[in-house]
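Chains as they are written, first to last, in the working numbering: chain A, 31 to 922; chain B, 4 to 115.
Even glycine gets a Cβ: it sits at the ideal position worked out from N, Cα and C.
On a predicted model such as this, the values are computed, not experimentally measured, just so you know.
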Amino acid sequence: MSDAPGPRWPRGSGRRVLPDARRIRRDVEAEIEFHLGERIRELEALGHSPQESRAEALRRFGDLARTRAVCFESDYRIHRRKKRRELMAELVQDIRVAVRQLRRRPGFAAIAIITLALGIGANTAIFSAADHVLLRPLVNVDAERVVTLWESNPAVIDGLLEVAPGNFVEWERRAEAFTAMGLAEPYGFDLTGGDGPPAPATAWLVTAGFFDAAGVRPNPGRGFLAEEYTSGESVVVISHRLWQSRYDGDPALVGQAIELDGSEYVVVGVLPANLEYPAYRDVWAPKVYRPGEDQTRTSGYMVAVGRMRPGVEQADAQRDLDRVASAMAIDYPATNVGTGIRLMGIEEHVLGDVRTALLVLLGAVGLVLLVACANVASLMLARAMERERELGVRVALGAGRLRLLRQLGTESGTLAVLGGAAGLVVAWAGVRALVALSPTDLPRLAAIGMDGRIVAFAALITLVTALLFGLAPALHAMRAEIRQTLAATSHGSRGSRASGRFRSALVVGQIGLALILLIGAGLLGRSFLSLLDNELGFEVENRATVQVFLWDRHPTVAQRIQQAEQIAAAFSAVPGVEGVGFTSALPFHPTQIDAEAGFTIESRPPLADAQAPRAYTTIASTDYFDVMSIRLERGRLFTPADRLDAPRVAVINETLANRYFAGEDPVGERITVGAMDQPVTREIVGVVADVRPTAFDSDPRPELYVPFAQNGTGGITFVARTRTDAASFVPALRDQVQTLDPEQAIYHASTIEQLIGDTLVGRRFSLVLLGGLSVVGLLLAIVGIYGLMTFATSQRRAEIAVRMALGARGGDVTGMIVGQAMRLAVPGILIGVAGALYLTRFLQSMLYDVRPTDFATFAQIIALMALAATAAAWVPARRAARTDPMKVLRQD
Amino acid sequence: MTDPTRQLVRGTLHVLILRTLESDALHGYGIASRIEEATSGLVELEDGALYQALHRMEERGWVESAWGHAETGKRARFYRLTAEGRRRLKVETASWWEYVEAVQRVLRPDVR
Chain A
31 MSDAPGPRWP RGSGRRVLPD ARRIRRDVEA EIEFHLGERI RELEALGHSP
81 QESRAEALRR FGDLARTRAV CFESDYRIHR RKKRRELMAE LVQDIRVAVR
131 QLRRRPGFAA IAIITLALGI GANTAIFSAA DHVLLRPLVN VDAERVVTLW
181 ESNPAVIDGL LEVAPGNFVE WERRAEAFTA MGLAEPYGFD LTGGDGPPAP
231 ATAWLVTAGF FDAAGVRPNP GRGFLAEEYT SGESVVVISH RLWQSRYDGD
281 PALVGQAIEL DGSEYVVVGV LPANLEYPAY RDVWAPKVYR PGEDQTRTSG
331 YMVAVGRMRP GVEQADAQRD LDRVASAMAI DYPATNVGTG IRLMGIEEHV
381 LGDVRTALLV LLGAVGLVLL VACANVASLM LARAMERERE LGVRVALGAG
431 RLRLLRQLGT ESGTLAVLGG AAGLVVAWAG VRALVALSPT DLPRLAAIGM
481 DGRIVAFAAL ITLVTALLFG LAPALHAMRA EIRQTLAATS HGSRGSRASG
531 RFRSALVVGQ IGLALILLIG AGLLGRSFLS LLDNELGFEV ENRATVQVFL
581 WDRHPTVAQR IQQAEQIAAA FSAVPGVEGV GFTSALPFHP TQIDAEAGFT
631 IESRPPLADA QAPRAYTTIA STDYFDVMSI RLERGRLFTP ADRLDAPRVA
681 VINETLANRY FAGEDPVGER ITVGAMDQPV TREIVGVVAD VRPTAFDSDP
731 RPELYVPFAQ NGTGGITFVA RTRTDAASFV PALRDQVQTL DPEQAIYHAS
781 TIEQLIGDTL VGRRFSLVLL GGLSVVGLLL AIVGIYGLMT FATSQRRAEI
831 AVRMALGARG GDVTGMIVGQ AMRLAVPGIL IGVAGALYLT RFLQSMLYDV
881 RPTDFATFAQ IIALMALAAT AAAWVPARRA ARTDPMKVLR QD
Chain B
4 MTDPTRQLVR GTLHVLILRT LESDALHGYG IASRIEEATS GLVELEDGAL
54 YQALHRMEER GWVESAWGHA ETGKRARFYR LTAEGRRRLK VETASWWEYV
104 EAVQRVLRPD VR
């Protein structure tokens, strides 16, 4: 047939070996050669000499080189197009086959896709958050040079303290490591003069160096001029947010006056948008020291910021500050012995605690991804083993190996793409959940979104896993002797036994990883519970609260006392309100107005300020303790008789009593204290139980309560005890304040339960996320165990049948299979415990009252894991135990 | 070099090739011979141009090619029309006749 003249046309989709460029060039050459040969023959037949014939043939051909080139290029393009079309056709066919294969095994497909989706989704979500919050530099802040400055007094209290203006003035004068330093006093303005009730605006009163130190420049407009810090001129800088929301971004606002607290202030500048420090403030005004304020060195209530000189490291600056602190302790021994200065980088200050939590979550997510990958690998291996015979047959029948590899690759790829798509959905939902769950003060909350790079990264990892473990068995099947593969029965070839061992190792690893996750979550959970177990010292339920600032509208003490009592009376008149009290500093409240200061005890010789007893002073109304259910331990509470014209009195808490009056009765002692007031001598009339001041994990501190009627402070937080759910009373309390004074701004209208809940959001965030991730890890591990045991029992079908035929009972078979699972669970658990013992230390700062190696947690989680492993093996074990031995044996 | 009157009118090479391949699959030399034969040697086409045209036509999908044995037993590349090529032949033939008629009307207005 091939000898017959005429071409052999390609038939149907029959495959040809496609020529490469060289082959195409040769073909063109051969074609032209043939033509010239024929032409020469024709001319010779007409009687021309060979030379003449050749010359004439070439002449008639024309431009040989150009023809060669044109023909080659054409053919090459044809070739490429054809090849591309073939590849596409094969891919489409492969995908079609792959989808058909997956639909034939919906269980396998579903599990693989869910596993991939969870792995990719959880990772993408958490990593997106971590990336946005932690890994990106602060916007508009020179994090290399801007630092926050704090006082410290380790002898009195751990941690960083706010700054006393008298100290800051000295720092500014003495420190050498800084180009600028600034101080800010938290403040609140009421935005008046608009429609409706005045809106509260948080503010900072800043000193001359502040904007320079923080490195922010108002635009449009300017900062404050030097004389504006001394003249007490009414000028403000406002935030971009306030400019946009209240003044519609009006560019003409700069230079105009706005109304704050009922007075006119000229807006001289607007700070840039998206400022990450100083953030969460709407109004800035120049700080003018009150008389004597810049001499105050014992009472800190301000925030300080510094800009380090170029080239100065934080450690250098800290040394400089240590030097300043030592010098001040010598110059002011009465006030500054033991007072240190501490520096904190701006990034740490802004991002704070979130860092640890997110890093832990990131680690957890990594573990989940590993568990997911192990599952995918195991699934793909099992799937490929099942098909080893089929593959062997196809190789034996002459299927191209490359083609077969591509087919398997497409199957894994299709799975990975489906899983990846589902993963994106999970990631999207995850990010939404993250934002919903996260603490409201989580920095950069609004910025969290999905990041393409992260999606790509997670997808790549899972895809590589899927391909790797999808293709490995295919390669194995091809290398193996075809005859051997064909001869092997479902008892399993050598390859499948090796892969079985590998899958066992994967399951052991999964159990270990899941255990680590569970133990981490368990420790956080236990911390949370022991935190909630803490006694607060007051009642939480059915307490509604609002805060007002009376200073501006009621400038004298007498006016403020009158107004506060009127408001309290109005609240009491609301039906369902059982009692009303008020204080300057409500526990767990975000804006507490109290002051920490030294005091002297009249019956004892006076001590230098630095050694003097210290306490937090809070103002409280007569009924405050009763309304909050703060227990009286001895003596009496305030009475209506404790007025301005009566002897000054104070109530102290147990901590103060125990620390400074150990073994004595403090009631009747007289103390002199100057916090929140001029120094006044007061008689201690009672001792009340401790309350936790700011959070479940904040320890009670020495506290001193002063009756409102003898102080008349302006920043007041009311508490109303209500008969039913407090939240429903909040609007009524608002209304009462507005009725009494429509110009009065209201802050933090809420309930105590809500305030307390707010302090737990951060912990709940970590707990829920780590808990969720560990549950995902556990589920994936269960799927892994279940899958492996199902596969193993199907491999051992014949053996089990023989055993049962020989008299083994169902229970024996079940026990055997579950025992097999336990042989995986035990090493898995050991690995997990070892890993957890090492890793949980990184949780330390997130734990409360629980050691990272808490025995009870470890024991419970191990038991849980053992139970889960048993349950996962139970189903396939029962199924195996129910097999009819005769049926199986006949089949083989 | 070539007598200008014997040169092919531009664009007619394609239709000549299509027409030549209408009934038979031929190799390039065969196509050249047939055209010479049919035009009694009045039209002399450059062989190189023929091959360039053939390959371009293959790229456009009007013809397809395959290797086979010529009558002499030598390996040669054969061309045949595709379905697209046949459609093309009709279109090109029709437009040729339109062209001829147009030219004719100018040259011999008496002939209708």
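From the options, pick the residue whose C-alpha is nearest to that of residue i; which is it?
i	options	result
A719 (chain A)	A:P308, A:R731, A:R712	A:R731
G823 (chain A)	A:G801, A:R839, A:M846, A:L810	The question names Gly, but residue 823 (chain A) is Thr in the sequence shown. The shortest Cα separation from T823 (chain A) among A:G801, A:R839, A:M846, A:L810 belongs to A:M846.
P906 (chain A)	A:A896, A:P857, A:N688, A:V843	A:V843
A238 (chain A)	A:W180, A:L790, A:I360, A:E202	A:E202
V610 (chain A)	A:T652, A:T586, A:R84	A:T652
F241 (chain A)	A:Q131, A:T260, A:G336, A:R320	A:G336
G802 (chain A)	A:L66, A:N153, A:I62	A:N153
R59 (chain B)	A:R90, A:S83, A:E103	A:E103
D296 (chain A)	A:S275, A:I268, A:G279	Per the sequence shown, the amino acid found at residue 296 (chain A) is Val instead of Asp. Comparing Cα positions, the closest option is A:I268.
L391 (chain A)	A:L547, A:A446, A:R339, A:R573	A:L547
F568 (chain A)	A:R55, A:R908, A:V401, A:Y654	A:Y654
Is any beta-carbon of chain A found at less than 8 Å from that of residue i?
i	result
R59 (chain B)	yes
Y1 (chain B)	Given a span of 4 to 115 for chain B in the structure shown, any question on residue 1 (chain B) remains unanswerable.
D134 (chain B)	Nothing can be reported for residue 134 (chain B), as the shown portion of chain B is limited to 4 through 115.
Q107 (chain B)	no
G31 (chain B)	yes
R91 (chain B)	no
A97 (chain B)	no
R22 (chain B)	no
R78 (chain B)	yes
Y54 (chain B)	yes
E87 (chain B)	no
E40 (chain B)	no
E25 (chain B)	no
Going by DSSP, name the residue or residues bridged to residue i.
i	result
V401 (chain A)	None; V401 (chain A) has no bridge partner.
Q577 (chain A)	A:T747, A:Y777
Y82 (chain B)	B:L29, B:S68
S356 (chain A)	For S356 (chain A), which the question treats as bridged, DSSP gives no partner whatsoever.
P316 (chain A)	A:V236
E294 (chain A)	A:E289
I34 (chain B)	None, per the DSSP bridge assignment.
Tell me the DSSP secondary structure of residue i in three-state form.
i	result
T440 (chain A)	helix
I682 (chain A)	strand
T929 (chain A)	As shown, chain A starts at 31 and ends at 922. That puts residue 929 (chain A) outside it, with no answer to give.
T178 (chain A)	strand
S264 (chain A)	coil
T209 (chain A)	strand
N183 (chain A)	strand
D278 (chain A)	coil
V103 (chain B)	helix
A219 (chain A)	It should be noted that the sequence gives Phe, not Ala, for residue 219 (chain A). DSSP places F219 (chain A) in strand when its eight states are reduced to three.
E39 (chain B)	helix
G330 (chain A)	coil
P248 (chain A)	coil
R372 (chain A)	strand
A902 (chain A)	helix
Measuring only between beta-carbons, confirm whether residue i sits less than 8 Å from chain B.
i	result
A76 (chain A)	It is worth fixing the name first, because residue 76 (chain A) is Leu in this sequence and not Ala. Closer than 8 Å: no.
L94 (chain A)	yes
I928 (chain A)	Since the displayed chain A opens at 31 and closes at 922, residue 928 (chain A) lies outside it and no answer follows.
T97 (chain A)	yes
H65 (chain A)	yes
I54 (chain A)	no
Practice task
Entirely within the stretch 699-771 of chain A and at least 3 residues each: give me those beta strand (DSSP E) ranges in chain order.
Solution key: 700-703, 710-718, 733-737, 745-752
Exercise for the section: Report the residue ranges of all beta strand (DSSP E) runs contained in full by the stretch 595-654 of chain A; include only those spanning at least 3 residues, in chain order. Expected result: 607-613, 625-631, 644-650
Practice task
Please specify which runs of the alpha helix (DSSP H), each continuous and at least 4 residues long, are wholly inside the stretch 800-847 of chain A, giving them in chain order.
Solution key: 827-835
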